[in-house]
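K.L.:
Residue numbers (our numbering): 37 to 296. One structure coming up, written as structure tokens, with questions to follow.
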């Protein structure tokens with residue numbers, strides 16, 4: 037019960053703190069709008085059926101990922117330069133619980149990018165957008181949220197021990213968007229890139245959402261994809277647990293949470 041209270045209080049505070057930052061508001065509001073316009077212009081003569089699925093979903097998820105990169109990952113850097121990272125680590129509440137609350141708050145707030153992408157496509161282009169399997173889409177959206185939370189946790193832990201957080205944070209946004217096929221099928225990527233794509237859980241989350249919007253004609257294929265996503269998510273959870281143990285040990289030995 038105490039952990040739930042810590043998560044809830046951290047979540048509320050994080051959502052308020054994130055929204056007052058200009059960079060986060062840009063990622064949350066401007067990013068999905070601009071990306072929707074650009075991707076729509078790229079796709080409108082593609083001949084792709086229901087191409088608005090790629091436009092709305094791709095632009096929305098790109099905005100979601102940008103918010104995660106510049107907030108969930110960036111929070112470690114901000115806490116370090118504010119001199120509060122070591123204080124958070126040493127609080128009676130578990131460090132992993134606080135980080136989870138921060139990431140959960142950012143992810144929930146960032147879901148607004150999907151709605152903004154849809155509204156932009158509808159208002160500017162009157163783009164058709166039909167959801168063939170709403171129930172499956174709801175399940176896919178929930179799985180996607182869990183997926184992004186777990187990968188954000190892994191990234192946040194990896195950046196905790198490094199003082200080059202800003203550099204790494206800027207370097208992971210676009211490669212993940214390309215490797216996971218946010219706006220195109222990963223099958224068109226070079227063969228040597230695909231194993232990397234398939235090892236990243238957002239790739240399978242995006243597949244689930246596209247399948248749900250297009251319509252589930254083969255439930256077995258859907259649940260196979262869902263199972264792969266669940267397996268990768270479980271691996272990420274295990275990895276984050278191992279990383280936390282490493283962080284805890286290294287911080288106690290080297291005291292590397294400060295700026296210098």
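Every residue gets a Cβ at the ideal spot worked out from N, C-alpha and C, and that includes glycine.
Taking all protein chains shown into account, decide if residue 63 is buried (16 or more other Cβ within 10 angstroms of its Cβ) or exposed.
P.N.:
That one is buried.
K.L.:
Hey, quick one: how far does the alpha helix (DSSP H) through residue 57 stretch, first residue to last?
P.N.:
Where residue 57 is concerned, there is no enclosing alpha helix (DSSP H), given that its DSSP letter is neither H nor E.
K.L.:
Quick test of your reading: residue 91 and residue 76, contact by CB under 8 Å. State the CB separation rounded to the nearest angstrom.
P.N.:
Right, the Cβ-Cβ distance comes to about 5 Å (below 8 Å), so this counts as a contact.
K.L.:
Can you check whether the CB of residue 276 is closer than 8 Å to the CB of residue 189?
P.N.:
Closer than 8 Å, so yes.
K.L.:
To which residues of the same chain is residue 161 closer than 7 Å at the C-beta, ignoring the five residues directly before and after it?
P.N.:
Same-chain partners within the cutoff: 76.
K.L.:
Check whether the stretch 248 to 265 and the stretch 161 to 180 are in contact - that is, three or more C-beta pairs closer than 8 Å.
P.N.:
In short, these stretches touch, since the Cβ pair count reaches three.
K.L.:
Pull up the distance between the alpha-carbon of residue 73 and that of residue 98, whole angstroms please.
P.N.:
Rounded to whole angstroms, residue 73 to residue 98 spans 13 Å at the Cα level.
K.L.:
With residue 115 as the anchor, note down where its alpha helix (DSSP H) starts and where it stops.
P.N.:
Segment 110 to 118, the alpha helix (DSSP H) holding residue 115.
K.L.:
Between 111, 154, 233 and 132, which has its C-alpha nearest residue 94's C-alpha?
P.N.:
Closest by alpha carbon: 154.
K.L.:
Taking the alpha helix (DSSP H) that residue 154 falls in, what are its first and last residues?
P.N.:
148 to 161 is the extent of the alpha helix (DSSP H) around residue 154.
K.L.:
Do you know offhand how far residue 119's Cα is from residue 196's?
P.N.:
Answer to the nearest angstrom: the Cα atoms are 13 Å apart.
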